[in-house]
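When we follow this note's numbering, the leftmost residue of the sequence shown carries the number 1133, and every step to the right adds one.
Every residue gets a Cβ at the ideal spot worked out from N, C-alpha and C, and that includes glycine.
Please read all numbers here as calculations on a predicted model, not as lab measurements.
Okay, so here's the structure we're looking at.
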Amino acid sequence: MLTIIVPVRNESDYIISLYDYFLNNLKNINYEVLIINDFSNDNTFEQCLMLEKKDNRIKALNNKKKGLGGAINLGIRKASGNFLTIMMADQSDDINDLIKYYENINEKNYDAILGSRFLKESKVVNYPFQKLILNRIFNFFVSIIFWNKYNDYTNAFKIYKKEVLIEIMPLISESFNIFLEIPLKIISRNYSYKVIPINWTGREKGVSKFKIKELGSKYLFTLIYCFIEKYLLNIKK
Ligand SMILES: Nc1nc2c(ncn2[C@@H]2O[C@H](COP(=O)(O)OP(=O)(O)OP(=O)(O)O)[C@@H](O)[C@H]2O)c(=O)[nH]1
Ligand SMILES: [Mg+2]
């Protein structure tokens, strides 16, 4: 079974359409969706509860430890699936890529499939320009430090075996930087993975929660932490 974790904060523009997004597209996959609400102050959670009532594959949870890090940790702990993916509520991620992820990890027995939005076959639409430049510089920098060709560390949407996510715990990053911590640990600890091209489309509604000024130091923290782990502790699968 596949567990899809969807962290949400103030996403009332998108919750209802999540139902069709999953239901219409994942016809041949046995899945559950864990929507982890984080102290939203609009009616996001009420809408999540409506979806939960409508379809028992959808579960609405309230995060306990505020922030994306806490939300993802909670999602991993509550997951019933043996494969686990993280998708954004604003439907930036291409649902067809999820099917590709699932087929690859299920049939080929990798520990993780890491998508990249920056390969020749990838399609990226409406990526805010400033964010794109910062993203490319930062990811290049990470590639050099970790001496790896992968080029899209920071994007959340990837798929993992659940047992692998349990093994790399504790996941200590509190915010968006958890999406850097996970693939860095997978790569440094020599888990098996495959990189495939994926698509991404910028949000059309709602408000971005990604605040680069507050996040810069957090990404640096995660980078140093994973670097120390790689070179001093040398933990392997
Ligand atoms: N549980 C939880 N979810 C969050 C939090 N912050 C953001 N999210 C969710 O995480 C996902 C990504 O947030 P976005 O605001 O889309 O961030 P982004 O994709 O970098 O920014 P955009 O380019 O504007 O879409 C969305 O589903 C948000 O609702 C949080 O603190 N807790
Ligand atoms: Mg987004």
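Rounded to whole angstroms, how far is the Cβ of residue i from the Cβ of residue j, which I believe are closer than 8 angstroms?
i: G1199; j: E1306; result: 5 angstroms
i: N1322; j: K1369; result: 5 angstroms
i: N1334; j: S1224; result: Position check: residue 1334 holds Gly in this sequence, whereas Asn was assumed. With a Cβ gap of about 7 angstroms, G1334 and S1224 count as contacting.
i: F1177; j: N1169; result: 5 angstroms
i: Y1153; j: G1338; result: Wrong, their Cβ atoms sit about 15 angstroms apart, outside the cutoff.
i: N1271; j: Y1285; result: 6 angstroms
i: T1331; j: D1229; result: Correcting the residue identity first, residue 1331 is Asn in this sequence and not Thr. So it is a contact: roughly 6 angstroms between Cβ atoms.
How far does the alpha helix (DSSP H) with residue i in it extend, from its first residue to its last?
i: V1274; result: F1261 to I1277
i: T1354; result: I1344 to I1360
i: L1312; result: I1310 to S1320
i: V1296; result: K1294 to E1299
Beta carbon of residue i, beta carbon of residue j: below 7 angstroms?
i: Y1233; j: I1161; result: no
i: F1215; j: I1237; result: yes
i: C1082; j: L1316; result: Given a span of 1133 to 1369 for the chain in the structure shown, any question on residue 1082 remains unanswerable.
i: A1244; j: Y1325; result: yes
i: I1328; j: G1213; result: no
i: E1164; j: A1221; result: no
i: K1362; j: R1141; result: no
Would you report the Cα separation of residue i and residue j, rounded to the nearest angstrom?
i: I1167; j: L1193; result: 6 angstroms
i: E1313; j: L1303; result: 7 angstroms
i: I1218; j: Y1151; result: 16 angstroms
i: R1100; j: I1310; result: Lying outside 1133 to 1369, the shown extent of the chain, residue 1100 is not represented and no answer is given.
i: K1281; j: V1274; result: 10 angstroms
i: M1301; j: N1283; result: 23 angstroms
i: K1185; j: I1148; result: 12 angstroms
i: L1352; j: I1265; result: 17 angstroms
i: Q1262; j: I1269; result: 11 angstroms
i: V1256; j: F1250; result: 8 angstroms
i: S1320; j: I1137; result: 24 angstroms
i: F1308; j: Y1242; result: 25 angstroms
i: E1346; j: I1318; result: 26 angstroms
i: K1252; j: D1226; result: 16 angstroms
i: I1276; j: I1356; result: 14 angstroms
i: E1295; j: N1195; result: 22 angstroms
i: N1267; j: F1289; result: 15 angstroms
i: I1367; j: I1360; result: 11 angstroms
Between which two residues does the beta strand (DSSP E) carrying residue i extend?
i: G1247; result: A1244 to S1248
i: P1139; result: L1134 to V1140
i: V1327; result: Y1325 to P1329
field: Runs of beta strand (DSSP E) lying entirely within the region 1155-1231, each at least 3 residues, in chain order
entry: 1163-1169, 1190-1194 and 1215-1218
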